[in-house]
Structures are given as C-alpha cells and as structure tokens.
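Undergrad: At position 174 of the sequence shown the residue is numbered 202 (our numbering), and the sequence of numbers has no breaks.
Cβ atoms here follow ideal geometry from the backbone N, Cα and C, with glycine treated the same way.
Please read all numbers here as calculations on a predicted model, not as lab measurements.
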Amino acid sequence: MSGSDVSGPGVVGTAGGAGAVGADGPVPAGSAGAAGTVVVVGSINVDQVVTVDRLPLPGETLIGSSMTLSPGGKGANQAVAAARRGARTVMIGAVGDDGRADDALPHLRSSGVDVSGVDTVPGPTGLAIVSVGGDSENTIVVVPGANGAVSASFVAGHAGALAAAAVVVLQGEIPVDGIAAAVQHAGGRVVFNLAPVIDVPADVVKAADPLVVNEHEGRLLLAAWGASDSAAASEAEEARVDDESVVASLRAQGVTSVVMTRGAAGAIVSDASGTVLVASPRVAAVDSSGAGDAFVGALAAGLAAGASLLESARDAVRVGAFSVTGVGTQASYPTLEDELPAAAPAAPTEGSADADPADGVTS
29 MSGSDVSGPG
39 VVGTAGGAGA
49 VGADGPVPAG
59 SAGAAGTVVV
69 VGSINVDQVV
79 TVDRLPLPGE
89 TLIGSSMTLS
99 PGGKGANQAV
109 AAARRGARTV
119 MIGAVGDDGR
129 ADDALPHLRS
139 SGVDVSGVDT
149 VPGPTGLAIV
159 SVGGDSENTI
169 VVVPGANGAV
179 SASFVAGHAG
189 ALAAAAVVVL
199 QGEIPVDGIA
209 AAVQHAGGRV
219 VFNLAPVIDV
229 PADVVKAADP
239 LVVNEHEGRL
249 LLAAWGASDS
259 AAASEAEEAR
269 VDDESVVASL
279 RAQGVTSVVM
289 TRGAAGAIVS
299 DASGTVLVAS
309 PRVAAVDSSG
319 AGDAFVGALA
329 AGLAAGASLL
339 ESARDAVRVG
349 AFSVTGVGTQ
359 ASYPTLEDEL
369 PAAAPAAPTE
379 GSADADPADG
389 VTS
C-alpha cells in the first residue's frame with residue numbers, strides 16, 4: 029500500500045451525515061453540546077520517536093534519521109483529541125517525579141484539558157519508544173512508569189469526577205484494577221479502547237458502550253474468551269465479512285456495542301440499531317502514530333455532545349484520517365476549526381442481500 033494514498037493503521041473513514049437530535053435540536057457529532065464532560069482515565073507518557081527508512085527486522089540494527097521527544101500515552105492522546113473536538117475534558121492519571129511532567133503535559137494544558145486529576149508519584153514518567161518507517165508504519169514499546177500507580181485506590185480518589193461524567197474513556201495502559209474501579213464509579217457511558225489487549229475481567233469489558241478494538245485486538249479478545257478457534261485468531265489478513273463476524277461474535281458474547289477500526293478499509297459500528305460499515309477517506313499519510321487515539325477521543329466527544337454512536341464514529345474516522353497527515357500524536361490532532369478530509373462514499377457490506385448501498389447498513 030502506497031504511503032501517498034492511505035489511511036494509517038487504525039485510521040478509519042466516514043460516510044458523513046448530520047448530527048444526532050438532542051433535547052435542544054440537532055447536535056453535530058464532535059461538537060460540545062449541553063451534554064457533559066469526558067473523563068479520561070489512562071496513561072500519560074513521553075514519546076521517544078525515532079524515524080527510519082523502514083522498520084528493522086528482528087535482530088537487525090538500522091541507522092535512524094531523527095529522534096524527538098513529545099507528549100503521548102493513549103490516555104493523554106485521547107483526552108487531547110476529545111478536547112480539541114470541543115468536549116469539556118478531564119484527565120485522571122499520573123506522572124513521575126523525574127522532571128518529565130513538563131514534557132508529558134503541554135498539549136493537555138494547551139488544549140484546555142483539566143489536569144487537576146493528574147498526580148505526581150515517585151519514580152519515572154511513562155515512556156513510549158516509537159519507531160516510524162518511511163511508509164508511515166510504526167512499532168511502539170511502552171514502559172509504564174508512573175502509569176502503574178493508577179490503581180483502584182488511586183481511581184477511587186477521583187470518584188466524584190467519574191460519577192459526574194457523561195463519558196468515561198479507558199484503555200489498556202493502566203492496571204486492571206484501576207480500569208475496573210473506573211467502570212464501577214462511572215456515572216455515564218463507558219468507552220473502553222482495549223489497547224493493548226490485557227487480561228481484563230469479562231464483566232468489565234462488557235460494561236463498555238462501545239468497546240473499541242481494531243481487527244487484531246478483536247480477534248485476540250475472542251480467543252481469550254474461547255469464542256474463536258486459534259487458526260482464525262492467528263490469521264494476518266481476513267476478508268471483510270470475517271471482520272463483521274468478529275464484531276458479531278463480540279456482540280453475541282454480551283458486549284453492548286462494538287466499534288472496530290480497520291485501517292484504510294474503514295470501520296464497523298455495531299449496536300442494537302444494527303451494523304454499519306463506515307468508509308475511510310483517502311489521505312496522504314505521514315505518520316500513523318496515535319491515529320487510533322485521535323479516533324477514540326473524537327468518538328467520546330461526539331457521544332458527550334449527544335450524538336449517536338454512528339454519527340460520533342462518522343466524525344471520529346475523519347479525525348483519525350486527519351491525524352495521519354501530520355507528524356507525531358497530540359500535535360497532529362484537529363480542532364473544530366480544522367477542515368477534515370472529505371467523507372468517503374458509504375461502503376455496503378459485500379455478500380449481504382439486505383445491505384442498503386446508501387448507508388452501508390447490514391442485515
């Protein structure tokens with residue numbers, strides 16, 4: 029796939045459409061309406077980003093062309109993305125006392141995220157070591173550091189903010205008991221991005237509305253639940269109908285709603301109203317780092333504003349596509365003033381006689 033005409037991994041597109049209808053009339057997806065606050069409980073890192081012509085093979089040493097330090101962490105990335113799309117956003121997390129907080133927090137602060145829930149704990153700030161190849165593909169190794177302190181007791185100290193939130197956003201880069209405590213204290217909708225895939229109790233995962241996974245994460249979760257055979261779970265590339273089967277299986281396991289991000293192929297959104305394929309805009313990708321987090325943050329912003337899951341996803345996929353056209357993670361995320369990539373035509377499901385070509389809805 030050429031780097032000149034792609035959406036990066038985890039980046040998805042939209043079929044467009046107007047916002048949901050809230051109590052006060054239409055609410056555009058991604059705008060900050062009368063509905064409330066997004067609270068993100070998650071990781072805060074410093075990203076060490078090395079650029080190379082191509083990613084190294086196992087055991088291979090390459091010469092990099094540049095190295096930069098920038099703020100990151102899936103939790104912080106998603107908080108910045110939500111705030112830049114107009115949501116009132118609160119970050120709950122931890123940084124270390126190693127002096128790296130100034131490297132980790134600037135975009136949270138400049139984007140208007142409330143960081144009063146970010147504590148300083150003994151030890152190092154979380155670190156992500158990112159390698160970005162010339163084709164925009166990347167590899168990431170995360171050292172948790174202070175993120176390991178975001179435990180159940182830590183999260184319980186912020187129970188009031190969680191109870192008041194319209195949307196609580198979680199990822200897999202903090203301790204499992206912290207994730208479970210955030211679900212317990214959440215007063216609103218829980219958006220759980222199970223990335224990376226860690227061993228989380230099934231009842232915690234099933235509290236998500238939606239669960240957000242990419243193709244590989246969805247298969248890993250089903251395999252962990254014993255709901256797929258090992259051969260299917262280990263396939264590198266599957267046909268689109270198989271992605272839909274994974275989503276359907278997750279729903280059948282009791283997950284209320286699922287959003288699967290699928291790179292340039294788009295996204296699948298599934299809830300009680302049906303399953304919809306959302307097409308991806310085509311963009312010239314520069315750096316795909318953090319694109320999935322841009323998607324999740326924008327999705328949460330739309331939900332907090334009162335938009336439906338589908339309409340929120342339609343905005344979020346365009347936000348994700350926008351993010352890969354810039355370098356880095358948080359610095360590449362769009363505000364409401366930025367022009368997003370044009371919505372792609374809707375993509376109906378192949379092989380579904382009941383699909384509606386106008387909106388990609390499957391039977």
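Any idea if Gly58 is buried or exposed, counting beta-carbon neighbours within 10 angstroms, 16 or more meaning buried?
TA: Within the sequence shown, the letter at position 30 stands for residue 58. In this predicted model, Gly58 has a pLDDT of only 38, less than 50, meaning its place in the structure is not dependable; the value taken from the coordinates is given anyway. Burial call: buried.
Undergrad: Whose C-alpha, out of Gln358, Gly330, Leu338 and Val314, is nearest the C-alpha of Thr79?
TA: Here residue 79 corresponds to residue number 51 of the sequence shown, with the count starting at 1. Thr79 has its Cα closest to that of Val314, out of Gln358, Gly330, Leu338 and Val314.
Undergrad: What ranges does the alpha helix (DSSP H) occupy inside the segment 270-347, keeping only unbroken runs of at least 4 residues that lie completely in it?
TA: Correct list: 319-332.
Undergrad: Return the chain-ordered ranges of every beta strand (DSSP E) run that is complete within the segment 124-212 and spans a minimum of 3 residues.
TA: 142-149, 154-160, 166-171 and 195-198, all fully within the segment 124-212.
Undergrad: Determine the direct distance from the alpha carbon of Gln212 to that of Ala235, and round the result to whole angstroms.
TA: If you number the sequence shown from 1, residue 235 lands on position 207. If you number the sequence shown from 1, residue 212 lands on position 184. Their backbone Cα atoms lie some 9 angstroms apart in a straight line.
Undergrad: Distance check for Ser301 and Thr148, CA to CA, integer angstroms please.
TA: Position 120 of the sequence shown, counting from 1, holds the residue named residue 148. Position 273 of the sequence shown, counting from 1, holds the residue named residue 301. Between Thr148 and Ser301, the C-alpha separation is close to 43 angstroms.
Undergrad: Report the option in Pro369, Ser351, Ser277 and Ala372 whose CA atom is closest to the CA atom of Ser164.
TA: If you number the sequence shown from 1, residue 164 lands on position 136. Looking at the Cα atoms, Ser351 is the closest of the given residues.
Undergrad: Output the distance between the C-alpha atoms of Val304 and Leu90, rounded to the nearest integer angstrom.
TA: Translated into positions along the sequence shown, residue 304 becomes position 276. Translated into positions along the sequence shown, residue 90 becomes position 62. The alpha-carbon atoms of Val304 and Leu90 are separated by roughly 42 angstroms.
Undergrad: At a cut-off of 7 angstroms, is Ser360 close to the ligand SAM when judged by its beta-carbon and the heavy atoms of the ligand?
TA: For the structure depicted, the ligand SAM is absent and the ligand set is empty, with no information on it obtainable.
Undergrad: Tell me whether Gly121 sits in a helix, a strand or coil according to DSSP, three-state version.
TA: One-based indexing of the sequence shown puts residue 121 at position 93. Three-state DSSP puts Gly121 in a strand.
Undergrad: For Asp75, which residues does DSSP report across the bridge?
TA: The residue you call residue 75 lines up with position 47 of the sequence shown. For Asp75, which the question treats as bridged, DSSP gives the partners Ser98 and Ala156.
Undergrad: Please name the residue, chosen from Ser273, Val204, Gly101 and Gly87, that lies closest to Gly356 on a Cα-to-Cα basis.
TA: The residue labelled residue 356 in the question sits at position 328 within the sequence shown. Measuring from the Cα of Gly356, the nearest candidate turns out to be Gly101.
Undergrad: Looking at C-alpha atoms only, which residue of Ala210, Asp75, Arg346 and Asp130 is the closest neighbour of Ala187?
TA: What you label residue 187 is simply residue 159 of the sequence shown in a count that begins at 1. Considering only alpha carbons, the answer is Ala210.
Undergrad: Going by the beta-carbon positions, is the gap between Gly154 and Ala174 smaller than 8 angstroms?
TA: The residue given as residue 154 occupies position 126 in the sequence shown. The residue given as residue 174 occupies position 146 in the sequence shown. Yes.
Undergrad: When you compare only the Cα positions, how much space is there between Pro373 and Ser181?
TA: Here residue 373 refers to the residue found at position 345 of the sequence shown. Here residue 181 refers to the residue found at position 153 of the sequence shown. Taking the straight line joining both Cα atoms gives about 47 angstroms.
Undergrad: Does Val401 come out as helix, strand or coil in the three-state DSSP assignment?
TA: With the chain covering 29 to 391 only, the question about residue 401 has no answer from this structure.
Undergrad: To the nearest angstrom, how far is the alpha carbon of Gly330 from that of Val219?
TA: On the sequence shown, residue 330 is found 302 positions in, with the first residue counted as 1. On the sequence shown, residue 219 is found 191 positions in, with the first residue counted as 1. Whole-angstrom Cα-Cα distance: 12 angstroms.
Undergrad: Count the other CB atoms within 10 Å of the CB of Ala264; is the residue buried (16 or more) or exposed (fewer)?
TA: Position 236 of the sequence shown, counted from the first residue, corresponds to residue 264. For Ala264, the predicted structure reports a pLDDT of 45, less than 50, and the residue's modelled location is therefore unreliable. The matter cannot be settled from this model.
Undergrad: Roughly how many angstroms lie between the CA atoms of Val196 and Ser93, to the nearest whole one?
TA: Walking along the sequence shown from the start, residue 196 turns up at place 168. Walking along the sequence shown from the start, residue 93 turns up at place 65. Their backbone Cα atoms lie some 39 angstroms apart in a straight line.
Undergrad: So, helix, strand or coil for Arg112, using DSSP?
TA: Walking along the sequence shown from the start, residue 112 turns up at place 84. Helix, per DSSP.
Undergrad: Specify, as a first and last residue, the run of the beta strand (DSSP E) that Arg217 falls within.
TA: Residue 217 sits at position 189 when you count from the first residue of the sequence shown. Start and end: Arg217 to Asn221.
Undergrad: Which of helix, strand or coil does DSSP assign to Leu239?
TA: As a first step, residue 239 must be located in the sequence shown, where it is residue number 211. If DSSP states are grouped into helix, strand and coil, Leu239 belongs with the strands.
Undergrad: Enumerate in chain order the residues of its own chain whose CB-to-CB distance from Leu368 is below 6 angstroms, with the five nearest sequence positions on each side excluded.
TA: Residue numbering aside, residue 368 sits at position 340 when the sequence shown is read from its first letter. Cβ neighbours of Leu368 beyond the five flanking positions: Arg346 and Phe350.
Undergrad: Going by other Cβ atoms of all chains shown within 10 Å of its Cβ, with 16 needed for buried, is Leu364 buried or exposed?
TA: Against the sequence shown, residue 364 aligns to sequence position 336. Under this definition Leu364 is an exposed residue.
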